[in-house]
Amino acid sequence: MQEILTHINQIPIRKNFIDNLPYNPTLKLLAREKRKAGILSEVLFWQQVRAKQFHNIDFDRQRIIGNYIVDFYIKALGLVIEIDGISHEDKMEYDTERQRYLEAQGLKVFRVTDGEVKKEILDVMERLKAFIIDAYGISI
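Numbering-wise, the numbering used here puts 24 at position 35 of the sequence shown, and it's gapless, one number per residue.
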């Protein structure tokens, strides 16, 4: 039987914890600095999800996975949330390689843009809900 993490719209959401993810300890200081940087879109997103406000799901900020630091991570689901700002416009190749790496670890990646978070945060949260239901929801 699958362990249930939460329910969204009365749909059970199964846990998908990925064990033993690679971790580069040399990135610890950089991850801490990124958390303290206060990038507006990340702060706005964090206000929606911190302290298990979003369907009682625990989110981590600036989580190290291998040689990468992801914006947000849901351990119980193996789900990475990336907020792509203007700096990502010239990093398509890097982002593709990074996403392949994360997916090879068994993780799923949900991407939104900085602008979407700043202008349409409620829509972003609805899309995240739909993504979680689609990826982890259990049909009854």
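Glycine is no exception: its CB is placed at the ideal position from the N, C-alpha and C atoms.
Handout entry: Cα-Cα separation between A20 and I58, rounded to whole angstroms
Key = Stepping through the sequence shown from its first residue, residue 20 is reached at position 31. Stepping through the sequence shown from its first residue, residue 58 is reached at position 69. For A20 and I58, the distance between alpha carbons rounds to 7 Å.
Exercise for the section: Just confirm the distance between the C-beta atoms of Y62 and D49, as a whole number of angstroms; I'd bet it's less than 8 Å. Expected result: Residue mapping note: residue 62 aligns to position 73 of the sequence shown, counting from 1. Residue mapping note: residue 49 aligns to position 60 of the sequence shown, counting from 1. With a Cβ gap of about 5 Å, Y62 and D49 count as contacting.
Problem - Spatial distance of Q94 from L10 (CA atoms) - result: If you number the sequence shown from 1, residue 94 lands on position 105. If you number the sequence shown from 1, residue 10 lands on position 21. Going by the C-alpha atoms only, they are around 7 Å apart.
Exercise for the section: Below 8 Å on the Cβ atoms is my guess for A65 versus I53; work out the distance and round it to an integer in Å. Expected result: Position 76 of the sequence shown, counted from the first residue, corresponds to residue 65. Position 64 of the sequence shown, counted from the first residue, corresponds to residue 53. Not a contact, Cβ separation roughly 18 Å.
Practice task
Might you give, ordered along the chain, the residues of its own chain that have their beta carbon closer than 6 Å to the beta carbon of E105, omitting 5 neighbours on each side?
Solution key: Sequence index remark: in the sequence shown, residue 105 carries index 116 (1-based). These residues qualify, in order along the chain: V113.
Practice task
Round the Cβ separation of K97 and G67 to the nearest angstrom and send it over; I've been treating them as touching at under 8 Å.
Solution key: As a working note, residue 97 is residue 108 in the sequence shown. As a working note, residue 67 is residue 78 in the sequence shown. Correct: roughly 7 Å between the Cβ atoms.
Exercise for the section: Determine the closest residue to H44 out of A124, S128, K118, Y125, with distance taken between C-alpha atoms. Expected result: Working through the sequence shown from its first residue, we reach residue 44 at position 55. Answer by Cα proximity: K118.
Problem - Ranges of the beta strand (DSSP E) found wholly within the region -8 to 34, counting only runs of at least 3 - result: -7 to -3, 0 to 3
Problem - Terminal residues of the alpha helix (DSSP H) in which E115 lies - result: As a first step, residue 115 is located in the sequence shown; it is residue number 126 there, counting from the start. Here the alpha helix (DSSP H) through E115 covers 110 to 125.
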